[in-house]
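Taking it in order: structure first as structure tokens, then the write-up.
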Amino acid sequence: MKFFILSRNDDLSNELMKSAKTYLEDFGLILDEENPAIVLSIGGDGTLLHAFHKYKHLTSSVAFVGLHTGHLGFYADWKPEEIEKLVISIAKKEFEVTEYPLLEVTINYRHGEDSSIYLALNESTVKSPDVTLVMDVELNGVHFERFRGDGLCMSTPSGSTAYNKALGGAIVHPSLEAIQLAEIASINNRVFRTVGSSLILPKHHSCLLKPVKGPDFMVTVDHLQLLHKDVQSIKYRVADEKIRFARFRTFPFWHRVHSSFIDSDLEI
Ligand code: NAD
-4 MKFFILSRND DLSNELMKSA KTYLEDFGLI LDEENPAIVL SIGGDGTLLH AFHKYKHLTS
56 SVAFVGLHTG HLGFYADWKP EEIEKLVISI AKKEFEVTEY PLLEVTINYR HGEDSSIYLA
116 LNESTVKSPD VTLVMDVELN GVHFERFRGD GLCMSTPSGS TAYNKALGGA IVHPSLEAIQ
176 LAEIASINNR VFRTVGSSLI LPKHHSCLLK PVKGPDFMVT VDHLQLLHKD VQSIKYRVAD
236 EKIRFARFRT FPFWHRVHSS FIDSDLEI
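The numbering used here puts the sequence shown at residues -4 to 263.
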């Protein structure tokens, strides 16, 4: 089996990467940066986000596993002291694959430029380089509201515990193929009105954002942030692709939520 390892690049992560590489090669696995079957991410959730974006063109064939060298991560749930156990499990090649939904982001431009299409593992946000973002929100082709505020955040179920949670969005179990639109500081008074709650959209529904003010927008896709000029619309939907995680043991999603946000008693 072919593997690759990504490290956060701190001393501990690099040291663990070196020993995992040695162990896996001793077990006969082949290091292959181009076309790995399994990618081990050593660091934190941010390292796994980088790993996902490096291999997002291989979603149907690559499986990810994360080891955390800081606090427990949502995607990085193995501990440094478990490295031997983890590499032995990888070498035995017997793992289940758990798939989580992804978000598809399509940005269309005004002057016939090709659209940009992205996949997000956590979320995509839209903000204005001016103070207030003003966007018309369409759901399935029908006008829903005119949003005024700091921005909008569309998250995946596994990203619902990240930025979305800080915005008061719901935590969504990743077995649900859905995406969630959360407001970032909307302006609500007698003149301007938004729904004020997060919206959870199922598969096959779409959300289109159409600029009312200004054609340029800051759009994030996970940790990546770009200024897009001359934007005509931004479309969000549940992606056809999914991320695949290699599971060698059970660590249910709600246990991870509990360990991360309530107390670490249930951490394994
Ligand atoms: P980072 O890797 O330092 O991540 C920031 C924090 O978010 C870390 O504590 C990380 O463990 C946590 N995190 C990431 N994904 C998570 C998930 N799915 N569930 C729970 N926690 C998660 O910083 P980065 O590399 O810039 O990562 C980008 C991510 O940071 C974005 O995808 C966004 O979700 C998050 N973020 C959060 C806020 C906020 O909470 N106010 C603001 C901006 C960005």
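The beta carbon of each residue, even a glycine, is placed where N, CA and C say it ideally should be.
On a predicted model such as this, the values are computed, not experimentally measured, just so you know.
Cβ-Cβ separation, residue j to residue i (assumed contact under 8 Å), whole Å
{"i": "F(-1)", "j": "A241", "result": "Between A241 and F(-1) the Cβ distance is about 13 Å, and since that is not below 8 Å, they are no contact."}
{"i": "K122", "j": "D145", "result": "6 Å"}
{"i": "V34", "j": "F59", "result": "5 Å"}
{"i": "P197", "j": "A173", "result": "5 Å"}
{"i": "E178", "j": "L147", "result": "7 Å"}
{"i": "H218", "j": "G41", "result": "6 Å"}
{"i": "D258", "j": "P124", "result": "Not really, about 41 Å apart at Cβ, beyond 8 Å."}
{"i": "Q175", "j": "S193", "result": "5 Å"}
{"i": "Q227", "j": "Y104", "result": "6 Å"}
{"i": "T120", "j": "Y158", "result": "7 Å"}
{"i": "P75", "j": "L7", "result": "7 Å"}
{"i": "M(-4)", "j": "K88", "result": "6 Å"}
Nearest neighbour of residue i, chosen from the options [CA to CA]
{"i": "F246", "options": "G68, K51, Y113 and F47", "result": "G68"}
{"i": "L162", "options": "S150, S170, A173 and P169", "result": "S150"}
{"i": "V214", "options": "Y231, R251 and F139", "result": "Y231"}
{"i": "I85", "options": "Q220, S181 and D21", "result": "D21"}
{"i": "L44", "options": "H63, D211 and E29", "result": "H63"}
{"i": "K237", "options": "R188, A115, D258 and C148", "result": "A115"}
{"i": "L97", "options": "F47, L194, D125 and N183", "result": "F47"}
{"i": "Y95", "options": "S14, S170, F243 and L222", "result": "S170"}
{"i": "D27", "options": "T127, L1 and P75", "result": "L1"}
{"i": "L128", "options": "S259, R185, S181 and K(-3)", "result": "S181"}
{"i": "N265", "options": "N103, S201, P124 and R185", "result": "One cannot answer for residue 265 here, as it falls past the ends of the chain, which runs -4 to 263."}
{"i": "A165", "options": "H138, F142, I195 and R185", "result": "I195"}
{"i": "G65", "options": "Y18, L11, E108 and H138", "result": "L11"}
{"i": "D265", "options": "T120, Y18, G39 and K16", "result": "No information on residue 265 is available, as it lies outside the stretch -4 to 263 that the chain covers here."}
{"i": "K51", "options": "R239, H253 and F243", "result": "R239"}
{"i": "D225", "options": "V132, L53, D109 and S36", "result": "D109"}
{"i": "T93", "options": "F187, S14, H168 and P206", "result": "H168"}
{"i": "N184", "options": "K87, R143, K205 and M(-4)", "result": "R143"}
{"i": "T101", "options": "R3, H253 and V216", "result": "V216"}
{"i": "V132", "options": "T54, V57, R251 and K205", "result": "K205"}
{"i": "S155", "options": "H199, R251, K87 and D72", "result": "R251"}
{"i": "H223", "options": "E140, H106 and F139", "result": "H106"}
{"i": "L53", "options": "W73, V126 and E29", "result": "E29"}
{"i": "E77", "options": "L24, I25 and S14", "result": "S14"}
Outcome for residue i when other beta-carbon atoms lying within 10 angstroms are tallied against a minimum of 16
{"i": "G191", "result": "exposed"}
{"i": "E79", "result": "exposed"}
{"i": "N117", "result": "buried"}
{"i": "I112", "result": "exposed"}
{"i": "K208", "result": "exposed"}
{"i": "I229", "result": "buried"}
{"i": "W249", "result": "exposed"}
{"i": "P31", "result": "buried"}
{"i": "F256", "result": "exposed"}
{"i": "L221", "result": "exposed"}
{"i": "I37", "result": "buried"}
{"i": "R244", "result": "exposed"}
{"i": "S254", "result": "buried"}
{"i": "V137", "result": "exposed"}
{"i": "V310", "result": "The chain is shown only over -4 to 263; residue 310 falls outside these bounds and no answer can be derived."}
{"i": "V57", "result": "buried"}
Minimum Cβ-Cβ distance from residue i to chain C less than 9 Å
{"i": "E20", "result": "Annotation note: the requested chain C is absent from the structure, which comprises a single protein chain."}
### Message
Beta-carbon distances below 6 Å to any heavy atom of the ligand NAD define the shell here; list its residues in chain order, please.
### Response
G39, D40, G41, L44, G68, F69, N117, E118, S153, G154, T156, A157, Y158, A161, D217 and H218
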